[in-house]
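With the numbering used here, letter number 98 in the sequence shown gets 135, and the count goes up by one each step, no holes. Note that CB positions come from ideal geometry on N, CA and C, so glycine has one too. A short write-up of the structure that comes next.
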Amino acid sequence: MKIALASDHAGLNYKEAIKSFLEEKGHEVQDFGTHSNESCAYPDFIVPAAKAVADGKCEMGIVLGGSGNGEAMAANKVHKVRCALVWDLRSARLSREHN
């Protein structure tokens, strides 16, 4: 599966860990950034990742940030994208099953 991955500076370390995990599992990851711990504007990275999912270039996307709220709102502004804020396996599973 090809997965879009993006974060702001607050989510960078998690993004890198998730990227390594997904690649070890055989997934192709398109990393939209950020690639630095310096403060940045999350929409610069989240919106292109969401557009890649909407356009069918990636099958799924994962976006990360300090709280995840702004990132989810930015992704949800992209037509045909439904981004859910999840924090554990249960919330992730329910978001896929019911939304």
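Assuming residue i and residue j make a contact with CB atoms under 8 Å, what is their CB distance in whole Å?
{"i": "A86", "j": "G102", "result": "12 Å between Cβ atoms; not a contact."}
{"i": "A89", "j": "H116", "result": "Between H116 and A89 the Cβ distance is about 13 Å, and since that is not below 8 Å, they are no contact."}
{"i": "Y79", "j": "A129", "result": "Their Cβ separation, rounded to whole angstroms, is 20 Å, which puts Y79 and A129 out of contact at 8 Å."}
{"i": "S44", "j": "V84", "result": "S44 to V84, Cβ: 13 Å. No contact."}
Is the Cβ-Cβ distance between residue i and residue j less than 8 Å?
{"i": "K39", "j": "C95", "result": "yes"}
{"i": "T71", "j": "L42", "result": "no"}
Could you check which residue in the options has the C-alpha nearest to that of residue i?
{"i": "D81", "options": "K56, K62 and H46", "result": "H46"}
{"i": "L122", "options": "A109, N113 and E134", "result": "A109"}
Express the C-alpha separation of residue j and residue i in angstroms, rounding to a whole number.
{"i": "N106", "j": "E65", "result": "26 Å"}
{"i": "F69", "j": "N136", "result": "25 Å"}
{"i": "S16", "j": "R133", "result": "One cannot answer for residue 16 here, as it falls past the ends of the chain, which runs 38 to 136."}
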